[in-house]
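Heads up, the thing below is written out as structure tokens.
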Amino acid sequence: MHLGVDLRIADRQGMELSGLGRYALELAHGLAKVRPEWRLSLYTNRPDLLAPVLRPFALATRWTTAQAPGRAGWLLLGSALDTARDRPEMWLGPSFALPPWRRGPSVVTIHDLIVMTLPEHYRGRLNARYAEAIIRSAARRADRILCGSQSTRAELGTRLGVALDKVEVTPYGVSEIFFERKPVTKSEPPYLLYVGTFESRKGLEVAYQALRRLVSDGRRLRLVLAGQPGWGVGNLLETLERDGDVDIEIGPADSRLAELMRGAIALVYPSRQEGFGLPVAEAMAARCPVIASDLAPIREFAQDVPLYAPVGDAAAIAAHAGVLIDDTAQADRRRDDGARLAASLRWSSAAERTAEILEHAMGVATGRTPLASLSR
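As numbered in our numbering, residues 485 to 860 make up the sequence shown, in order.
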């Protein structure tokens, strides 16, 4: 099979560290490993993000794609010009979108529908309306849709009106570095860890409110923020930068992120909505207790390992953190249980399942495979 993969999502500096960027890149690398006989065309202006074995398959785009207007222009028009010379027979859009001109078989990943359910938290309502139009178009035209959880699959059926037999759940993976067992260095004072884009939709202000509650109660504690600046936090980031109880690490490498997770009291993950919740899985693999928003996609894979708090409830997060600080036996149990559960979340498994879905979609499109033959 000749597969074209749209890797524009990772072209903006720092996006390779986001959940969307990590998913796209890990999937591209994984597909090359599980289907070495395939020919890949990887559309990206960041070949430096690819392993050396994949760089010959990287195809620079005619549009600069470091900023959103360039990425949109390439999707709508530039991709047609670039693929005219290459003509992939199957297309994979790992981040919500398919080129509108595409008529051959295609598969798209729709991670969540926050642009529809919480548009005020998605870089403004105008951007949310554009993203919704792109998602609806991709969902309508794709031969198969991928998502990370059964709850997201159900929501795609309800909100987009797509037939559920068209939607396949492929749980995401965890990079091997998070499973490494290394000595943990005690930190003084101890810290809670927030991982993700510094955005309102990820609940950054809720994590900070929880810290202030704990400190006001006499806890000697820090909050470490690991991620990239995002949208919709107003002056909060300036407040965090001035707060002596907050440390900010911009774009830490995976090795550093795994180190932070191993040493934290807990990962605090107060996101308002998720399609999966990759940092939760990574923290579990690194034996880090988790305090997370009570969201169905997280419960699907994490089960009862995290301590859950209602969305936006800083008081509940602070209370959970106090339990983990005071009850070290419970914290250790959650570390052990999380590591055992995360062991099944491997990118190789996600890539193999995705390859099977791509093969099935190609078979159906060419008349070689019955529509209902894909096993779930």
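All C-beta atoms in this analysis are idealised placements derived from N, C-alpha and C, irrespective of residue type, glycine included.
As assigned by DSSP and simplified to three states, the class of ASP495: coil
Proximity to ASP570 [Cα-Cα], best of ASP596, SER525 and LEU504: SER525
C-alpha distance - PRO667 paired with MET574, whole-angstrom precision: 45 Å
Beta-carbon spacing of ALA742, PHE662 below 7 Å: yes
Endpoints, alpha helix (DSSP H) assigned at ILE809: 798-810
Three-state class that DSSP yields for SER502 in the structure shown: coil
Residue from GLY822, ARG740 and VAL537 whose Cα sits closest to the Cα of ALA710: ARG740
Short Cβ contact (7 Å threshold) for ARG830 with GLY657: yes
Cutoff 6 Å; reference LEU501; Cβ partners in own chain excluding five residues on either side: GLY735
Same chain only: Cβ atoms within 8 Å of ASP731, ignoring 5 sequence neighbours per side: TYR675, ARG706, LEU707, VAL708 and LEU709
Distance, VAL653 Cα to MET499 Cα: 24 Å
Endpoints, the alpha helix (DSSP H) within which THR601 is located: 598-601
Bounding residues of the alpha helix (DSSP H) (the contiguous stretch that carries SER621): 609-625
Extent of the continuous alpha helix (DSSP H) run through THR567: 563-568
C-alpha gap between GLN693 and ILE749, whole angstroms: 17 Å
Local conformation of THR654 per DSSP, three classes: coil
Secondary structure of TYR692, DSSP reduced to three states: helix
Three-state secondary structure (DSSP) of VAL789: coil
Neighbourhood of LEU511 by C-beta distance below 7 Å, restricted to the same chain and skipping five residues each side: PRO578, ALA834, ALA835 and THR838
Beta strand (DSSP E) segments (min. 3 residues) lying fully within the region 676-762: 706-711, 730-734 and 750-753
ILE841 versus VAL795: straight-line alpha-carbon distance, rounded: 34 Å
Among GLY687, GLY588 and ALA800, the one whose alpha carbon lies nearest that of GLY716: GLY687
Where GLY488 sits in the DSSP three-state scheme: strand
Cβ pair ILE782, GLY761 closer than 7 Å: yes
Beta-carbon proximity check, ALA815 vs LEU808, cutoff 7 Å: yes
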